[in-house]
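A.B. asks: Each number in the working numbering comes from the position in the sequence shown (counting from 1) with 496 added on. Cβ coordinates follow ideal geometry from the N, Cα and C atoms, glycine included. Quantities reported herein were computed from a predicted structural model and do not represent experimental measurements. Before I ask anything, let me first share the structure, which is written out below as structure tokens.
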Amino acid sequence: FPPDDCSAEGQNWNIPIYDWNNESKKPQVFNWWIKRLKKALHILDIVRIDHFRGLESYWSIPVDENFLPMKLIDGE
């Protein structure tokens, strides 16, 4: 995550990102999410998706790059 009021240096959580633009994998990725949510709704009354913004807006740090200085690439 880029620098903000809470962290002047930004944060690298080492969370892998989804390859949303890979057309051949889209059905697989979306089916995984659908199965996961259906299973959760089968055993729970309500499902809360925290930090949804992380699914629709994220940054990528190339694997072979150092975290600092931060060079962010907009996720696609």
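Less than 7 Å between C-beta atoms, sequence neighbours within five positions excluded: which residues of the same chain meet that for residue 489?
C.D. replies: An answer regarding residue 489 cannot be provided, because it is not within the stretch 497 to 572 covered by the chain.
A.B. asks: Can the beta-carbon of residue 533 be found closer than 8 Å to that of residue 543?
C.D. replies: Walking along the sequence shown from the start, residue 533 turns up at place 37. Walking along the sequence shown from the start, residue 543 turns up at place 47. Against a cut-off of 8 Å, the Cβ pair of residue 543 and residue 533 comes out as a contact.
A.B. asks: When you compare the CB positions of residue 508 and residue 557, do they come within less than 8 Å of one another, or not?
C.D. replies: Taking the first residue of the sequence shown as 1, we reach residue 508 at position 12. Taking the first residue of the sequence shown as 1, we reach residue 557 at position 61. Closer than 8 Å, so yes.
A.B. asks: Could you compute how far the alpha carbon of residue 512 sits from the alpha carbon of residue 539?
C.D. replies: Taking the sequence shown and counting its residues from 1, the one referred to as residue 512 is at position 16. Taking the sequence shown and counting its residues from 1, the one referred to as residue 539 is at position 43. Computed Cα separation, rounded: 27 Å.
A.B. asks: In whole angstroms, what is the alpha-carbon distance linking residue 529 and residue 501?
C.D. replies: Counting from one through the sequence shown, the residue named residue 529 turns up at place 33. Counting from one through the sequence shown, the residue named residue 501 turns up at place 5. Approximately 32 Å, taken between the alpha carbons.
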